[in-house]
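Report on one structure; see the data block that follows.
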Amino acid sequence: MIYALTLIPAAVLAANTAEVSTSDVRKGAAFDNIKASWGKSLNVGDFKTNLRCNYDYNENRDFLKDVNLQGNLMEGSGDDLQLAYDVKHNFKTKNTEVKLSATTQGTTLAAEYDTDSKLKEVSASRSVDVADYKVDLRPSWLVQAKTARVKMMSALGGNKDRISAQVDYNTDAGSAAYELGYSRSLEDGKEVSATFSPNDNELEVQYVDSKFENGATWTAKATVDTSDRNILEATKVTLKRAWSW
């Protein structure tokens, strides 16, 4: 991480995005958090890499939250092999995460490692044809949690609608957890999505609008505890404004 630390000042000069979020507006909207991200393309030796610095007020208000380096160890196109890396260092936890992936003939194999829990996850991802639909399939194994995970996503109706599903099976407990998702593009710059987790009895509905204000994207999110009989009281609503410069 020597390169990341020494190159931070240059990256900070090129601001990219920022966002401000609120607490539950139903209980009196108040400032909840502010995040910012800066990015810069760099040459490190013979390699091209993308440096991104992230700030999160709640996570580490006095300094950067983390620094991320992404790039390719081997360029590839078509069926040629491509090797990619993603390294992130968290300044608050002192933890470093590394993800290495190899892509060839439409299949990506990946492994994630960090300095706290060692090997975290191994996965494979590929698009497959099911009937008339193309499904993005990603099975993985969460090493420390001893959990098998399968993620699936598919577009419907000319890419305006997307459905997704995630299944987690814990081999120790012999139990499964599910998450179902749906999103729809209403028009250019406007999208609504819903995610339901039956095990947690949690429903999340999100509306994103990048046309409401020029140069900014607004996100309204409602989180509902479906196990509560009083749905209105169990609903939390938050707002987020994101912009770039």
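So the sequence shown is numbered by my numbering: it starts at 52 and just counts up by one. Backbone N, C-alpha and C fix where the C-beta goes; we use that ideal spot for every residue, glycine too.
- Listed in chain order, the non-local C-beta contacts of LEU188 below 8 Å within the same chain comprise SER176, ARG177, SER178, VAL179, VAL201, LYS202 and MET203, local neighbours out to five positions each way being set aside.
- Closest in alpha carbon position to GLY79, among LEU290, SER295 and TRP294, is LEU290.
- An exposed status is given to SER128, since fewer than 16 other beta-carbon atoms sit within 10 Å of its beta-carbon.
- Under the three-state reduction of DSSP output, VAL76 falls in the helix class.
- Classified as exposed, ASN252 has fewer than 16 neighbouring CB atoms from the shown chains inside 10 Å of its CB.
- By the 16-neighbour rule on beta-carbons within 10 angstroms, VAL118 is buried.
- Residue pairing by DSSP places ALA69 opposite ALA87 and TRP294 in a beta bridge.
- The closest CA to that of LYS86, considering only ASP97, CYS104, LYS99 and VAL218, is found on CYS104.
- If you draw a straight line from the Cα of VAL243 to the Cα of LEU254, it is about 13 Å long.
- Taking C-beta atoms as the reference points, LYS145 and LYS116 fail to come closer than 8 Å.
- Beta-bridge partners assigned by DSSP to ALA245: TYR233 and VAL256.
- DSSP, reduced to helix, strand and coil, places ASN111 within a helical segment of the structure shown.
- Between the beta-carbon of TYR220 and that of THR198 there is about 7 Å, and that keeps the pair under the 8 Å contact cut.
- In chain order, LYS150, LYS171 and GLU172 place their CB closer than 6 Å to the CB of GLU163, counting only its own chain and leaving out the 5 sequence neighbours on each side.
- Of the residues assessed, THR100 falls on the buried side of the cut-off, its CB having 16 or more other CB atoms within 10 angstroms.
- Sequence-distant partners of THR159 (beyond 5 residues in either direction) whose C-beta falls short of 6 Å from its own C-beta, in its chain, are SER152 and SER176.
- In the DSSP assignment, ILE282 falls outside any beta strand (DSSP E) and carries neither an H nor an E.
- Put simply, of ARG292, GLU110 and ASN250 the residue whose alpha carbon is nearest the alpha carbon of PHE263 is ARG292.
- Taking the Cα positions, ASN111 is about 33 Å away from ASP97.
- According to the DSSP assignment, LYS211 belongs to no beta strand (DSSP E), since it is labelled neither H nor E.
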